[in-house]
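Contents: one structure, followed by commentary.
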Amino acid sequence: MSPVCPLNPRQRDLKHDVEGNDIALHFSGWCFTISREIFNKINGLDEDFGFWYADDATVKQLNRIGIIPTLIVDSKVEHLGSQTLKTLSNDEQYEKTQGQSRKFKRKYLL
């Protein structure tokens, strides 16, 4: 399950918990809760992704065992808006974003 971010316009007006696989709506960033049982079933987090697409990979892992993430509207977290990314050089930013995008597509979509 994942908490709502009040700064996310897609989540702001939701009144009920909602299941789904939409990244940044139902499952966002690295702020989520997962039981040890499910963690073990997915064999841990996919360590190929250390920044962007880590949440996408986790959703794919969950889906493989029949789990659909749930956004919990009574739980809130305020994301700080790429504060880590802003501290990196342009080359490092590119690798952590577009580089991760290419890797995700090769691993999970092709």
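Sequential numbering of the sequence shown, starting at 3, is according to the numbering used here.
Cβ coordinates follow ideal geometry from the N, Cα and C atoms, glycine included.
Computed from a predicted structure; not experimentally measured.
Assigned secondary structure, residue i (DSSP; H/G/I helix, E/B strand, else coil)
i, result
"T99", "helix"
Exposure of residue i, with buried meaning 16 or more beta-carbon neighbours within 10 Å
i, result
"Q85", "exposed"
"Q100", "exposed"
"F34", "buried"
"Y55", "buried"
"F41", "exposed"
"L112", "exposed"
Chain-order list of residues whose beta-carbon lies under 6 Å from that of residue i (same chain, five-residue window excluded)
i, result
"F29", "S4, D57, V61, P71"
"F106", "Y55, D58"
"Q95", "L87"
Other residues of its chain near residue i: CB distance less than 8 Å, five sequence neighbours each side excluded
i, result
"R66", "I44"
"K98", "G52, F53, W54, L87, L90"
Would you mind listing the beta strand (DSSP E) stretches within the segment 6-83 that are 3+ residues and don't spill past its ends, in chain order? Entirely contained in the segment 6-83, the beta strand (DSSP E) runs reaching 3 residues are, in chain order, 72-78.
Does the count of Cβ pairs from the segment 7-19 and the segment 67-76 closer than 8 Å reach three? Yes: at least three Cβ pairs fall under 8 Å.
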